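Colleague:
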Amino acid sequence: MDIPNVASQFSAGEGGGMRKNPTLLCAPVMADSVDKMHLDVSKAKASGADLVEIRLDSLKTFNPSSHLPTLINNRPLPLLFTYRPNWEGGMYEGDDNTRFHALRLAMELGADYIDIELKVANQFYDFIRGKTYDKTKVIVSSHNYQQTPSVEDLGDLVARIQATRADIVKIATTALEITDVARMFQIMVHSQVRSVCQNLVNGNLIPNLTFSKVLTFITLVGFQVPFIGLVMGDRGLISRILCAKFGGYLTFGTLESGVVSAPGQPTLKDLLHLYNLRQVGPDTKVFGIIGKPVGHSKSPTLFNEAFKSLGINGVYVFLLVDDLAKFLSTYSSTDFVGFSVTIPHKEAAVTCCDEVDPVAKSIGAVNCIIRRPTDGKLIGYNTDYVGAISAIEDGLRAKQNGSGTVVSPLAGKLFVVIGAGGAGKALAYGAKEKGARVVIANRTYDPSRIIIDRIPYLGANQIADNRARELADLIGGDALALADLDNYHPEDGMILANTTSIGMQPKVDETPVSKHALKYYSLVFDAVYTPKMTRLLTEAEESGATVVTGLEMFLGQAYGQFEKYTGMPEIVRCWFTDPRSRTVSSALLHAPASFKLPLNGEGLSLGRNISLSDQIASTEQHTSTSEQYATKHGLVISPLINRSAEQCDAKIQIRRNVA
31 MDIPNVASQF SAGEGGGMRK NPTLLCAPVM ADSVDKMHLD VSKAKASGAD LVEIRLDSLK
91 TFNPSSHLPT LINNRPLPLL FTYRPNWEGG MYEGDDNTRF HALRLAMELG ADYIDIELKV
151 ANQFYDFIRG KTYDKTKVIV SSHNYQQTPS VEDLGDLVAR IQATRADIVK IATTALEITD
211 VARMFQIMVH SQVRSVCQNL VNGNLIPNLT FSKVLTFITL VGFQVPFIGL VMGDRGLISR
271 ILCAKFGGYL TFGTLESGVV SAPGQPTLKD LLHLYNLRQV GPDTKVFGII GKPVGHSKSP
331 TLFNEAFKSL GINGVYVFLL VDDLAKFLST YSSTDFVGFS VTIPHKEAAV TCCDEVDPVA
391 KSIGAVNCII RRPTDGKLIG YNTDYVGAIS AIEDGLRAKQ NGSGTVVSPL AGKLFVVIGA
451 GGAGKALAYG AKEKGARVVI ANRTYDPSRI IIDRIPYLGA NQIADNRARE LADLIGGDAL
511 ALADLDNYHP EDGMILANTT SIGMQPKVDE TPVSKHALKY YSLVFDAVYT PKMTRLLTEA
571 EESGATVVTG LEMFLGQAYG QFEKYTGMPE IVRCWFTDPR SRTVSSALLH APASFKLPLN
631 GEGLSLGRNI SLSDQIASTE QHTSTSEQYA TKHGLVISPL INRSAEQCDA KIQIRRNVA
């Protein structure tokens, strides 16, 4: 399923169909008392919300005649009143007549919005006898807590809601997989701004009104419907961010993490300051981190800060993906331009890309996918090995008092890699390239078994057993079971690199190797960076080993990815090494005090090694644009326009400004 290219369907002019106002940001208030609601409304205003949803069903005691005037009079923000019954996911357990009285009173008092469920919308309109209230917009809503219906069914649902004479349509569904959200985006693109059916039927219900008729009418007269389309659950998170791109009327952001009115709601703070929601629009390009799990990643923090600092019109989101191939084929428009790939999809990404960089092909894993603007093909790269290996080399050089030899300090070392997945392959490849002797330790490796992964009746664990042996054979190394690592010490001064998720939040008490075995290693690296100091690293440090955190690998590979995302290597390099940017990103990510970027995939570093102790103390937001960066660092930006029948993409060419 292909999402329509939004930028081609909207124009900036008043007659082009795009709403003048951005997507509204609504804060749901679920307090159990009116006094607490007043406080929360003020907090929502201070936090940047455009309006507040008052959930009347959350009140322990509710007296409409006294409480509603208190809430509505002198309100600091527009208010949306919802009195949700338990049969639609709310907390109200009484009769509808009582709810209708309260909502009608809210309208009479000048409420800005009220929400009524589709199941009882006609009864509610009968209750108010068709009376209209100029100050109040009626949102008719439908909530599906089981699934996201087909596009056709969603379209028919839009038509049914509009047939009730609703001012605004709201549909909330549940994502069983992230590709479900694409159907909501498709409906959203076609359902914006103005009421279709009110114009079509002049306020009267037409029998058998279908979505196809609605779309035909939209095409003929250009009228569209204000639409709130959200998909609940962790896999639906992107619907709450990208609705600002695809034309959603509003989205919800909570005052506190975890205090939600529907599953999967992000906080106001994240929407405004992590995702920069105010800057997301039809032309915004979408990037994201693909994984399962994915919520631990710091990539959205880093990349969105970089986008904002450099003035790049992009947003970087979490993408909780079950089926990589299905995800990539579903989100195939040129709006979705770049992806970071993490566990467990790095190996599958090799076969999902149209083209794979030779290094990534040799490693057998991809951690960065770019959609080529000229033809839409997916190109796979691997930036893991450079970031990790250069960080490990720096750690060894520091241990050796900064030896300046051009030979890698890994040369001749015994390098033990835990894990045979995508990151394990990258580390093994990089270590081998630097002259190390490599051993692969995997949890399910069993040398007593003869494994042929092409035999169809073999189980998943048995196939995994063969991966460690295959990787070891590929790089000319050896393989052993992870359980045997505790007693593995053929020599002192070994290097240990954990590339599995063992020890990652929330299972921070886990470690892949017993502490007593760590005394044989001179350096221990852990790809896990949440937490920064894992149990493995803590115990390694206590055992006398030099430790290298996963954040150093993260920043190194992120640098490589961001360069490929933007096509602006010089400016990206400047941002990653600028003291103000380093201070901001370090504060956000709790980054290492000293970090050097790899150059040209050779494990070398930039000329300046920026220590936090040398940086400015202020962490004020760095808002320089890419043009300002270019001027500051002696760069020239030359736009090259590459036009095709379907798109017009501006490419940036950077060159040194010669005096």
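Taking this note's numbering, I'd label the letters of the sequence shown as residues 31 to 689. Where is the CB? At the ideal position from N, CA and C, for every residue including glycine. Remember, it's a predicted structure, so these values are computed and weren't measured experimentally.
Rounded to whole angstroms, what is the Cα-Cα separation between L148 and I399?
Modeller: Mapped onto the sequence shown, residue 148 falls at position 118. Mapped onto the sequence shown, residue 399 falls at position 369. Each residue's Cα considered, the two are about 42 Å apart.
Colleague: My guess is that T178 and T204 are in contact by the Cβ rule of under 8 Å, so how many angstroms apart are they, rounded?
Modeller: As a first step, residue 178 must be located in the sequence shown, where it is residue number 148. As a first step, residue 204 must be located in the sequence shown, where it is residue number 174. Indeed they touch by this definition, with Cβ atoms about 6 Å apart.
Colleague: Tell me whether the region 382-391 and the region 332-351 touch, counting them as touching only if at least three CB pairs, one residue from each stretch, are closer than 8 Å.
Modeller: The answer is no - the region 332-351 does not touch the region 382-391, with fewer than three Cβ pairs under 8 Å.
Colleague: With respect to the alpha helix (DSSP H) encompassing L354, which residues constitute its N-terminal and C-terminal limits?
Modeller: Here residue 354 refers to the residue found at position 324 of the sequence shown. L354 -> alpha helix (DSSP H) spans 354-360.
Colleague: Could you have a look at K200 and say whether DSSP puts it in helix, strand or coil?
Modeller: Translated into positions along the sequence shown, residue 200 becomes position 170. Three-state DSSP puts K200 in a strand.
Colleague: What does a CB cutoff of less than 6 Å around S77 pick up in its chain, not counting 5 residues either side in sequence?
Modeller: Indexing the sequence shown from 1 puts residue 77 at position 47. Counting only Cβ-Cβ distances below 6 Å, and skipping sequence neighbours, we find L298.
Colleague: Taking the straight line between their C-alpha atoms, what separation do you get for H375 and N397?
Modeller: Counted from its first residue, the sequence shown places residue 375 at position 345. Counted from its first residue, the sequence shown places residue 397 at position 367. H375 and N397: Cα-Cα distance of roughly 8 Å.
Colleague: Who pairs with E83 in a beta bridge, going by DSSP?
Modeller: Walking along the sequence shown from the start, residue 83 turns up at place 53. Per DSSP, P58, L110.
Colleague: If L440 sits next to I470, beta carbons under 8 Å apart, how far is it from one beta carbon to the other, in whole angstroms?
Modeller: Working through the sequence shown from its first residue, we reach residue 440 at position 410. Working through the sequence shown from its first residue, we reach residue 470 at position 440. Not really, about 16 Å apart at Cβ, beyond 8 Å.
Colleague: Once the 5 residues before and after D126 are set aside, which same chain residues still bring their CB inside 6 Å of it?
Modeller: The count along the sequence shown starts at 1 and reaches residue 126 at position 96. Within the same chain, D126 has close Cβ partners V150.
Colleague: Using beta-carbon positions only, say whether G283 and A79 come within less than 8 Å of one another.
Modeller: Mapped onto the sequence shown, residue 283 falls at position 253. Mapped onto the sequence shown, residue 79 falls at position 49. Yes; because the gap between Cβ atoms is below 8 Å, this pair is in contact.
Colleague: Reducing DSSP to helix, strand and coil, say where S172 ends up.
Modeller: Here residue 172 corresponds to residue number 142 of the sequence shown, with the count starting at 1. It is a strand residue.
Colleague: Kindly indicate which three-state DSSP category F445 falls into: helix, strand or coil?
Modeller: Against the sequence shown, residue 445 aligns to sequence position 415. Strand, per DSSP.
Colleague: Can you list the beta strand (DSSP E) stretches of 3 or more residues lying completely in the region 269-326, in chain order?
Modeller: With a minimum length of 3 residues, the continuous beta strand (DSSP E) runs that stay inside the region 269-326 are 280-282, 315-321.
Colleague: Go ahead and pull the three-state DSSP assignment for E572.
Modeller: One-based indexing of the sequence shown puts residue 572 at position 542. Looking at E572 - three-state DSSP - the assignment turns out to be helix.
Colleague: Tell me where the alpha helix (DSSP H) around V389 begins and ends.
Modeller: Here residue 389 corresponds to residue number 359 of the sequence shown, with the count starting at 1. First-last of the alpha helix (DSSP H) with V389: 388-393.
Colleague: The alpha helix (DSSP H) spanning V150 covers which residue range?
Modeller: Stepping through the sequence shown from its first residue, residue 150 is reached at position 120. Element bounds for V150: 148-157.
Colleague: Would you identify the three-state DSSP class for P330, choosing helix, strand or coil?
Modeller: Translated into positions along the sequence shown, residue 330 becomes position 300. In this structure, P330 counts as helix in the three-state DSSP scheme.
Colleague: Going residue by residue through the region 94-145, where are the continuous alpha helix (DSSP H) segments of at least 4 residues, counting only ones entirely within it?
Modeller: Those alpha helix (DSSP H) runs which fall completely within the region 94-145 and span 4+ residues are 94-102, 126-138.
Colleague: Have a look at L581, A212, G574 and flag the residue whose alpha-carbon is nearest the alpha-carbon of T560.
Modeller: On the sequence shown, position 530 is the one that residue 560 refers to. Of the listed residues, the one whose Cα sits closest to T560 is L581.
Colleague: Which one of R85, Y595, P58, E286 has the shortest CA to CA distance from I342?
Modeller: Working through the sequence shown from its first residue, we reach residue 342 at position 312. The option with the nearest alpha carbon to I342 is Y595.
Colleague: Can you give the Cα-Cα distance for L266 and S63, rounded to whole angstroms?
Modeller: Translated into the one-based positions of the sequence shown, residue 266 becomes position 236. Translated into the one-based positions of the sequence shown, residue 63 becomes position 33. Looking at the sequence provided, one finds Gly at residue 266 rather than Leu. Distance between the alpha carbons of G266 and S63 is about 30 Å.
Colleague: Which class does N431 belong to by DSSP, given the choice of helix, strand or coil?
Modeller: For the purposes of this step, residue 431 is identified with residue 401 of the sequence shown, where counting begins at 1. DSSP places N431 in coil when its eight states are reduced to three.
Colleague: Determine, using beta-carbon pairs with one atom in the region 133-145 and one in the region 102-113, whether at least three such pairs fall under 8 Å.
Modeller: They touch, by the three-pair rule.
Colleague: What separation, rounded to the nearest whole angstrom, lies between the Cα atoms of L81 and Y305?
Modeller: Walking along the sequence shown from the start, residue 81 turns up at place 51. Walking along the sequence shown from the start, residue 305 turns up at place 275. Their backbone Cα atoms lie some 19 Å apart in a straight line.
Colleague: Could you tell me if H220 is buried or exposed, where buried requires 16 or more neighbouring beta carbons within 10 angstroms of its beta carbon?
Modeller: Indexing the sequence shown from 1 puts residue 220 at position 190. Classification for H220: buried.
Colleague: Could you give the DSSP three-state label for A490: helix, strand or coil?
Modeller: The residue labelled residue 490 in the question sits at position 460 within the sequence shown. At A490 the pLDDT is 41, less than 50, meaning the model places this residue with poor confidence and gives no usable figure here.
Colleague: Give the DSSP-derived three-state secondary structure of G266 in the structure shown.
Modeller: The sequence position of residue 266 within the sequence shown is 236, counting from 1. DSSP places G266 in helix when its eight states are reduced to three.
Colleague: Would you call the region 542-555 in contact with the region 517-528, where contact means no fewer than 3 C-beta pairs closer than 8 Å?
Modeller: Segments in contact, yes.
Colleague: Using the rule of at least 16 other Cβ atoms within 10 Å of the residue's Cβ for burial, across every protein chain shown, is W605 buried or exposed?
Modeller: Locating residue 605 in the sequence shown gives position 575, where the first residue counts as 1. With 16 or more other Cβ atoms within 10 Å, it is buried.
Colleague: By the DSSP assignment, the beta strand (DSSP E) with S552 in it spans what residues?
Modeller: Taking the sequence shown and counting its residues from 1, the one referred to as residue 552 is at position 522. Its beta strand (DSSP E) spans residues 551-556.
Colleague: Taking the C-alpha atoms as reference points, what is the distance between Y551 and V538?
Modeller: Translated into positions along the sequence shown, residue 551 becomes position 521. Translated into positions along the sequence shown, residue 538 becomes position 508. Roughly 22 Å between the two C-alpha positions.
Colleague: Considering Cα atoms alone, identify which of E83, V554, V577, G451 is closest to T281.
Modeller: In the sequence shown, residue 281 corresponds to position 251, counting from 1. It is E83 whose Cα lies nearest to the Cα of T281.
Colleague: Quick check on this structure: which residue in G523, M60, P106, G119 has the alpha carbon closest to the alpha carbon of T91?
Modeller: Residue numbering aside, residue 91 sits at position 61 when the sequence shown is read from its first letter. Selected option, being the one with the closest Cα: M60.
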